[in-house]
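Position 212 of the sequence shown, counted from 1, bears residue number 200 in the numbering used here, the numbering being contiguous throughout. Yeah, the Cβ is synthetic: ideal placement off N, Cα and C, and Gly gets one too. Please read all numbers here as calculations on a predicted model, not as lab measurements.
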Amino acid sequence: LCSECGQSHLVLDNHLYNFQDEVDDELICHICLQPLLQPMDTPCGHTYCFKCLENFMQEYSFCPMDRKKLSFQQCHKSSLLVRNLLDKLLVLCPFKAECQQTMQRCELEAHLHNRCPGFKKYKSELQRKRNPISKGKEDPPTKGETNTPKDAEVPSGGSSLVAESSGAAVVSLGTAEPGLVNPAFEETEEGESLIHKTSLVAETTTIEIHREDPEEELGMRIVGGKDTPLGNIVVQEVLRDSVVAADGRIAPGDHILEVNGVNISSVTHCQAVSFLRHPGPVLHLMVLQEKGFSNKTAQQDSGSANREVIHVTLVKRDRSEPLGIKLIRKTDEAGIFILDLLEGGLAAKNGRLSRNDRVLSINGQDLRQGTPEAAAQIIQTTESRVNFVILRQPGVQLPEPTEDGSSSNSSSSSSSSSNGGSPVHHRRRLDQNHYRRKSTYQKGYASHEKTVAIKKEPKESLGITIGGGRDNKNKLPIYVTSVQPIGCLFRDGRIKRGDVLLSINGIDLTHLNYYEAVSALKSNAASHSVTLKALEILSLNSPETPLDIREQGFSWSPLWITWLGLPSYLHFCQDIVLSKGNLESWGFSIVGGFEESKGNQPFFIKTIVPGTPAFRDRKLKCGDEIVAVNGVPAIGMSNAELIPMLKEQRNKVTLTVVSWPGSLV
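So, in structure tokens, the structure goes:
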């Protein structure tokens, strides 16, 4: 239980209170629909809870009420008068069996710690339970480890190099694993011109992540698992300002092979999430990182081995303070380099950055193929800490460059031809947003539609919080993020966290954005009866792999694997157009497709190769499902049918994809 409010909620969620009287609507947050906590005012005149607004702004860039453009940095604390009014709201002690006290909200924490017999009893019982338990560091990290198959301890195939490697091993992925058809690795007709570009170089690296707070989330999203066509666990996204972003060594597309010495290359998605969410001050990860195609001479490669990766953090006093760094691009090598440090500037005073350093990332944003303008944008929008990861090669002098920071990189031949690609097989094009496919193809998960009709008091709230919305970057349907113990739905018990809401009182919610859905739920909650239609994603597996994994300290969102069980009418398809030069590969690998033994499986993006058109475009993500190529549906195709379609497209291809957010760890 929370020591401040005495109720059970996630660490990153708002406190919960039992208010004695109905709270005025002017003091309600229109995101969580509860009385405001740590109120924050927007420039457009609206007020929200600090945590609600912070979480909302991680996915959106507008005000939830009027949809005006907004950033979190523009918001400020509400006036002292408003905060005092909220703090004086009367609440009931949550331990009503032992204590019937009523007090102001601001007095509850002191009451719990000093006067409440119920909280004192709870703490005593908790202490008794904790004392007998004293596990050492050698204990298994989670229960999930006991469910890992024995043979998972010994990696097979390509991952066997992990056991033999010490530090880093360079491997060639030119030969794909069974079932992996990879347009990124296909040789082109211009093979003579690409004589050195015949294999993909990858490297296994051991990374040690340190956390000041052992419960803090790592801040990355993952996809894959042995129970999905992807097989391996793959990083889909690294969140800004997270622990992993600050470290700077993990990037989207990396394959996670081990967690704290436990091999996870052959575990289910849920087991991998459990391992990665295990709390602790230090986390040891072994990852496989693709470095791109090997197109340099052995002499150049040996030279790069002497380079040193260095982490530097500069702290600005305010967002507008300049760092005093001049960044440029070289004409003969991709990336951004430091040309000069201005005398007396923040970077020069820090002393850890040098001329000729190559900038690999800033605040976790991958800049290996970036531009000086992109780097400047990240630095300017950062409030305080600017985390650099740079590559330094002693003794190598930067040639005299042009001072035009936006000079083009001649080595990236990504010119897009306007004539598009050659025509594909003549099949019927589908010019619609939703491609009809098998409703649930993910083994072990099924969706079940349910109708919940309840009678309630007009002033009684539903007591739920929601996420998603078609304005979300992943175009998600509306889903329940929590059912709070103060509303009629908690008392009814049929609506659960993770349920997808389809309609309320006959109003369709499946095509609404977030604010429209909040408005529809709030207006219909004022009636005497409410009828909700919802979709529940059910796990058909044994209880060993539940949908609800241990989540203390993590803001809740559905697992990536549960989205795969949604029927296709709830999928939102988007078109991604890639362009490339004649001598380039598209730069992504795929898995899935029709197989005699497995039937129809969807095509998933498994890897995206650095330095390729798919990588530079940045819209395609690992774990995305390809549902059509140039308007031709991929359902029912085998690898042998889809790959020629992709290879035929010489300069331009349109991929229709469904993108689900990876599981947050």
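In DSSP terms, what residue i is bridged to
i      : result
Lys57  : Phe50
Asp215 : Asp215 is not bridged to any residue.
Asp328 : Lys314
Val300 : Phe376
Leu78  : Gln92
Gly323 : Beta-bridge pairing links Gly323 to no other residue.
Leu652 : Arg209
Ile350 : Gln353, Phe376
Arg369 : Correcting the residue type first, residue 369 is Thr in the shown sequence and not Arg. None; Thr369 has no bridge partner.
Ile454 : Val468
Glu97  : According to DSSP, which records beta bridges pairwise, Glu97 is partnered with nothing at all.
Glu583 : Gly587
Lys65  : Met28
Thr359 : Partner(s): none; Thr359 has no beta bridge.
Phe654 : In the structure as shown, the chain begins at -11 and stops at 653. Residue 654 is therefore absent and cannot be evaluated.
His198 : Val270
Which of helix, strand or coil DSSP assigns to residue i
i      : result
Tyr467 : strand
Lys444 : coil
Ala522 : strand
Gln224 : strand
Leu634 : helix
Ala434 : strand
Gly291 : Reliability fails at Gly291, whose pLDDT of 44 lies under 50, so the model's placement of it is uncertain and the value that follows must be treated cautiously. Helix.
Pro621 : strand
Tyr36  : strand
Thr192 : strand
Asn2   : coil
Asp13  : helix
Pro555 : coil
Glu42  : helix
Gln381 : coil
Leu608 : coil
Phe107 : helix
Limits of the unbroken alpha helix (DSSP H) element including residue i
i      : result
Pro27  : No alpha helix (DSSP H) holds Pro27; the beta strand (DSSP E) holding it covers 27 to 29.
Phe592 : Unbroken run through Phe592 is the beta strand (DSSP E), 591 to 596; no alpha helix (DSSP H).
Leu334 : 334 to 338
Ile549 : 548 to 551
Ala602 : 601 to 605
Asp235 : 231 to 235
Integer-rounded CB distance, given that residue j should sit under 8 angstroms from residue i
i      : j      : result
Leu523 : Val488 : 4 angstroms
Val645 : Leu218 : That pair is no contact at about 15 angstroms.
Gly702 : Glu225 : Residue 702 falls outside the range modelled here, since the chain spans only -11 to 653, and no answer is possible.
Phe576 : Ile593 : 5 angstroms
Gly339 : Leu311 : The pair is not a contact, with the Cβ atoms about 13 angstroms apart (cut-off 8 angstroms).
Leu652 : Val641 : At roughly 31 angstroms, the Cβ-Cβ gap does not stay under 8 angstroms, so Leu652 and Val641 are not in contact.
Leu81  : His101 : For clarity, residue 81 is Cys in the given sequence; the question names Leu instead. Cys81 to His101, Cβ: 12 angstroms. No contact.
Val518 : Ile454 : Not really, about 15 angstroms apart at Cβ, beyond 8 angstroms.
Asn248 : His272 : 5 angstroms
Gly486 : Tyr467 : 6 angstroms
Ser59  : Met45  : 7 angstroms
Ile667 : Val377 : Because residue 667 is not part of the residues shown, which for the chain are -11 to 653, the question remains open.
Range of the contiguous beta strand (DSSP E) that encloses residue i
i       : result
Ile614  : 613 to 617
Gln562  : 562 to 567
Val645  : 640 to 646
Cys(-7) : Segment: none, Cys(-7) is in no beta strand (DSSP E) and carries neither H nor E.
Checklist entry - For the stretch 239 to 271, which segments carrying the alpha helix (DSSP H) assignment without a break, of at least 4 residues, lie completely within its bounds, in sequence order? => result Residue ranges of uninterrupted alpha helix (DSSP H) with 4 or more members, entirely inside the stretch 239 to 271 and ordered along the chain, are 257 to 264.
Next on the checklist: List, from N- to C-terminal side, the beta strand (DSSP E) runs of 3 residues or more that fit wholly inside the stretch 473 to 519.
Outcome noted: With a minimum length of 3 residues, the continuous beta strand (DSSP E) runs that stay inside the stretch 473 to 519 are 488 to 492.
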